[in-house]
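Trainee: Structure below; questions to follow.
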Amino acid sequence: MKLLGPALLFWLLGAVYAQPVQPKSVDSPAFREFSQRVKEYVQLQKAVPRIKTTKNRKEIIAGRNALAAKIRETRATAKQGDIFSPAGTEEFTKVIRSTLQGVKAPNVRKTIRQGEPQTGWKLTVNGEYPEDLPFTTIPPTLLMRLPQLPPEVAYRIIGHDFVLQDLEARVVVDFIAGALP
Amino acid sequence: MRLLTTAFTLILGGQYSFLLAQDITLPVKSGSVRFAAIGDNGTGDPPQYQVAQTMLRFHEKFPFNFVIMLGDNIYGGKSPKDMLKKFETPYKPLMDTGVQFYAALGNHDDTNQRFYKFFNMNGERYYSYKKGNVQFFVIDTTYLDPKQMAWLEKGLAGAGTDWKICYFHHPLYSSGKFHGSSTEFRGLLEPIFLKYGVQVVFAGHEHVYERTKPQKGIYYFTEGASGELRPGNLKKTTLTEVGYDKDQSFLMVEVAGDDMYFMAVSRTGVTVDSGTIQRKSEVPAATTGK
């Protein structure tokens, strides 16, 4: 039993070390609500066949288009704020801005610049992220401070806007306008 | 005779210099792991095709088995026609010899490229594979989330190979004027590389070739000029061991036992860098030929 205490402590420390460091805000009610909405979104798309590995590029494009069409059909009335609720918007904006103004801010801003950020085009929910535009690199320091996402979706930065994108369908699921300073 | 030479040059264009291509300096040892590296290649423009042709010519003397792609595999449109023009057509002769491609994603790449069989990504944005005594880790730096970091650390910790090589798009060290070093990624990835004994790292993004001086014992190569090119964009700094920004280029690498031989070649077949890295249990040491 004497050995159990240190062993348990060692195991716990190991478990903590193995987990990515997440700030307290990731556990905030607003982020929990966001994660739940994302989960529901992904669940909604589960019925649609996902893309399979193939040598035929046409099949990949066809799969992407079918998925995008299905998303638009099932979310025909979707609007900005459906996933990023007002409380979520506030929390995300706070975390994004503090990351861009913190100690590591110069490196973080450099990462965004390196991704050749895109400006000058209007985002719409259910709209397509144009395939010929590059992706702005998302600073990993920022990703560590935000709720983790399932593999079907990803965060994107477009100009000053913060976007939730369906990866396979390239559809804009929701966005926060002006989240970045 | 001069007229004949001129005519020959005009007919063959850039390919004329292939006739002057230097011999390879790689040993082509039996059982070695042989590969080429290209980055920022997917333009569909003539220089990409010319690099591919030079690769094919060198493949005759140095039969590499696979090619690592350092991101920005397909620029601009991603239609089936684009895939044909920017990947399948230029590299078909190489693929016909059995050469396989293992792609990393760049910021210009559609994440759906992971479903493209020819890129061998098996539907994953980041993945790992083993060739001989080398374990390769392919990282998606455009979206380096905590889950991927945990995957990388676990994979590196469990890799039992002599060599651990990582490749991805954004260079941790670069003397390129356009982007420079990706310092945020360096802060996160370098400690993991050091902890688990990664010896060599390949990246793209900057449209030049550069080999840095070893940084904390790790060798960093940037090869982002296999299609795109920013001539004169390399600001040689204290980081730079060898750099080349005058023409497109690609790399050839051979890992044989504890030695890794490398050779960077220009679009026209000129050797712009070569050397050997010796694997040691702690810090690898290099001797270079150029």
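Chains as they are written, first to last, in our numbering: chain A, 927 to 1107; chain B, 306 to 595. Backbone N, C-alpha and C define an ideal beta-carbon position, used for all residues, glycine too.
Note down the Cα distance separating Asp-1092/A from Lys-981/A, rounded to an integer number of angstroms.
Mentor: Here residue 1092/A is taken as the residue at index 166 of the first sequence, counted from 1. Here residue 981/A is taken as the residue at index 55 of the first sequence, counted from 1. So the two alpha carbons sit approximately 23 Å from each other.
Trainee: Below 8 Å between beta carbons is the criterion; list the residues of the segment 437-457 of chain B that meet it against any residue of chain A, in chain order.
Mentor: Correct list: Thr-446, Thr-447, Tyr-448, Leu-449, Asp-450, Pro-451, Lys-452, Met-454, Ala-455.
Trainee: With the cut-off set at 8 Å, would you say Glu-559/B and Ser-337/B are in Cβ contact?
Mentor: Translated into the one-based positions of the second sequence, residue 559/B becomes position 254. Translated into the one-based positions of the second sequence, residue 337/B becomes position 32. Closer than 8 Å, so yes.
Trainee: Quick one: what does DSSP say Asn-1087/A is sitting in, helix, strand or coil?
Mentor: Along the first sequence, one-based indexing puts residue 1087/A at 161. Here the sequence assigns Asp to residue 1087/A, which means Asn is not the residue at that position. Correct three-state label for Asp-1087/A: strand.
Trainee: Expressed to the nearest angstrom, what Euclidean distance is found between the alpha-carbon atoms of Gln-353/B and Thr-1000/A?
Mentor: As a first step, residue 353/B must be located in the second sequence, where it is residue number 48. As a first step, residue 1000/A must be located in the first sequence, where it is residue number 74. Taking the straight line joining both Cα atoms gives about 42 Å.
Trainee: Who are the neighbours of Phe-490/B on chain A, taking C-beta pairs under 8 Å?
Mentor: In the second sequence, the residue the question calls residue 490/B occupies position 185. Neighbours of Phe-490/B on chain A, chain order: Thr-1037, Pro-1066.
Trainee: Does Thr-573/B come out as helix, strand or coil in the three-state DSSP assignment?
Mentor: Your numbering for residue 573/B matches position 268 in the second sequence. Thr-573/B falls in the coil class under three-state DSSP.
Trainee: Against Phe-423/B, what residues of chain A qualify as contacts under a CB-to-CB distance less than 8 Å, listed in chain order?
Mentor: Within the second sequence, the letter at position 118 stands for residue 423/B. Lys-981, listed in chain order.
Trainee: Can you name the start and end residues of the alpha helix (DSSP H) that Ile-987/A belongs to?
Mentor: Position 61 of the first sequence, counted from the first residue, corresponds to residue 987/A. It spans 983-1000 - the alpha helix (DSSP H) in which Ile-987/A sits, taken as one unbroken run.
Trainee: Spatial neighbours of Ser-433/B within its chain, please: CB distance less than 6 Å, with the 5 preceding and 5 following residues excluded, ordered by chain position.
Mentor: The residue given as residue 433/B occupies position 128 in the second sequence. Once the five neighbours on either side are set aside, the close Cβ partners of Ser-433/B are Phe-442, Gly-460.
Trainee: In chain B, which residues lie less than 7 Å from Asp-1058/A when you measure between Cβ atoms?
Mentor: In the first sequence, counting from the first residue as 1, residue 1058/A sits at position 132. Result: Gly-381, Gly-382.
Trainee: Can you find the residues in the same chain that come closer than 8 Å, C-beta to C-beta, to Gln-1006/A, ignoring five residues on each side of it along the sequence?
Mentor: The sequence position of residue 1006/A within the first sequence is 80, counting from 1. Once the five neighbours on either side are set aside, the close Cβ partners of Gln-1006/A are Val-1051, Asp-1100, Phe-1101, Ala-1103.
Trainee: Can you name the residues that DSSP bridges to Val-439/B?
Mentor: Locating residue 439/B in the second sequence gives position 134, counting from the first residue. For Val-439/B, which the question treats as bridged, DSSP gives the partners Lys-436/B, Trp-468/B.
Trainee: Could you pull out every residue in the same chain whose Cβ sits closer than 6 Å to the Cβ of Lys-482/B, ignoring the five residues on either side in sequence?
Mentor: Here residue 482/B is taken as the residue at index 177 of the second sequence, counted from 1. Excluding positions up to five away in sequence, the list reads Asn-538, Lys-540.
Trainee: For Asn-412/B, count the other beta carbons within 10 Å of its own beta carbon; 16 or more makes it buried, fewer makes it exposed. Which is it?
Mentor: Position 107 of the second sequence, counted from the start, is the residue given in the question as residue 412/B. Buried, by the Cβ-count rule.
Trainee: Let me check understanding here. Comparing Cα to Cα, which of Asn-991/A, Arg-1096/A, Glu-1017/A, Glu-1078/A lies closest to Asp-415/B?
Mentor: Taking the second sequence and counting its residues from 1, one reaches residue 415/B at position 110. When each option's Cα is compared against that of Asp-415/B, the closest is Arg-1096/A.
Trainee: Verify the CB distance criterion: does Ala-326/B have a CB-CB separation below 8 Å to chain A?
Mentor: Indexing the second sequence from 1 puts residue 326/B at position 21. At Ala-326/B the pLDDT is 47, less than 50, meaning the model places this residue with poor confidence and gives no usable figure here.
Trainee: Between the segment 465-489 of chain B and chain A, which residues of the former have CB atoms less than 7 Å from a CB of the latter, in chain order?
Mentor: So the list reads His-475, His-484, Ser-487, Thr-488, Glu-489, given in the order they occur along the chain.
Trainee: For Asn-412/B, would you say it is in contact with chain A, using Cβ-to-Cβ distances shorter than 8 Å as the test?
Mentor: Residue numbering aside, residue 412/B sits at position 107 when the second sequence is read from its first letter. For Asn-412/B, the answer is yes, since a Cβ of chain A falls inside 8 Å of its Cβ.
Trainee: Output, in chain order, the set of chain B residues within a Cβ distance shorter than 7 Å of Ala-1080/A.
Mentor: Against the first sequence, residue 1080/A aligns to sequence position 154. Here the neighbours are Tyr-448.
Trainee: Under 8 Å, Cβ to Cβ, is there at least one residue of chain B near Lys-984/A?
Mentor: Residue numbering aside, residue 984/A sits at position 58 when the first sequence is read from its first letter. Interface residue, yes.
Trainee: Pull up the distance between the alpha-carbon of Ile-1022/A and that of Leu-361/B, whole angstroms please.
Mentor: Residue mapping note: residue 1022/A aligns to position 96 of the first sequence, counting from 1. Residue mapping note: residue 361/B aligns to position 56 of the second sequence, counting from 1. About 47 Å.
Trainee: Leaving out five residues before and five after Lys-551/B in sequence, what residues of the same chain have Cβ atoms less than 7 Å from its Cβ?
Mentor: The residue given as residue 551/B occupies position 246 in the second sequence. Result list for Lys-551/B: Pro-536, in chain order.
Trainee: Please identify the residue among Asp-377/B, Asp-578/B, Leu-449/B, Lys-435/B whose C-alpha is closest to the C-alpha of Asp-1058/A.
Mentor: Stepping through the first sequence from its first residue, residue 1058/A is reached at position 132. Comparing Cα positions, the closest option is Asp-377/B.
Trainee: Does Gln-355/B pass the burial test, meaning 16 or more other C-beta atoms within 10 Å, or should it be called exposed?
Mentor: If you number the second sequence from 1, residue 355/B lands on position 50. Classification for Gln-355/B: buried.
Trainee: Does the beta-carbon of Lys-469/B have 16 or more other beta-carbons within 10 angstroms, so that it is buried, or is it exposed?
Mentor: Taking the first residue of the second sequence as 1, we reach residue 469/B at position 164. Lys-469/B is buried by the Cβ-count criterion.
Trainee: Just reading off the alpha helix (DSSP H) that Ser-961/A is part of, what are its end residues?
Mentor: Start at 1 with the first residue of the first sequence, and residue 961/A comes out as number 35. Its alpha helix (DSSP H) spans residues 955-971.
Trainee: Which residues in chain B sit within 8 Å of Arg-990/A, going by Cβ to Cβ distance?
Mentor: On the first sequence, residue 990/A is found 64 positions in, with the first residue counted as 1. Neighbours of Arg-990/A on chain B, chain order: Asn-417.
Trainee: Is the CB of Leu-493/B under 8 Å away from at least one CB in chain A?
Mentor: Working through the second sequence from its first residue, we reach residue 493/B at position 188. It does; some Cβ of chain A falls within 8 Å.
Trainee: Taking Cβ positions, are Glu-528/B and Phe-498/B nearer each other than 8 Å?
Mentor: If you number the second sequence from 1, residue 528/B lands on position 223. If you number the second sequence from 1, residue 498/B lands on position 193. It is not a contact, given that the beta carbons lie outside the stated cut-off.
Trainee: Taking 8 Å as the limit between beta carbons, can you name the residues of its chain near Glu-959/A, skipping five residues before and five after?
Mentor: Numbered from 1 along the first sequence, position 33 holds the residue referred to as residue 959/A. Counting only Cβ-Cβ distances below 8 Å, and skipping sequence neighbours, we find Ser-1011, Ala-1013, Gly-1014.
Trainee: Do the CB positions of Asn-417/B and Ile-986/A come within less than 8 Å of each other?
Mentor: Working through the second sequence from its first residue, we reach residue 417/B at position 112. Working through the first sequence from its first residue, we reach residue 986/A at position 60. Yes.
Trainee: Just how far apart, CA to CA, sit Thr-293/B and Ile-373/B?
Mentor: For residue 293/B there is no data in the structure shown, the boundaries of chain B being 306 and 595.
Trainee: With DSSP as the reference, label Met-394/B as helix, strand or coil.
Mentor: As a working mapping, residue 394/B is identified with position 89 in the second sequence. Residue 394/B is actually Thr in this sequence, not Met. Note: Thr-394/B maps to helix in three-state DSSP.
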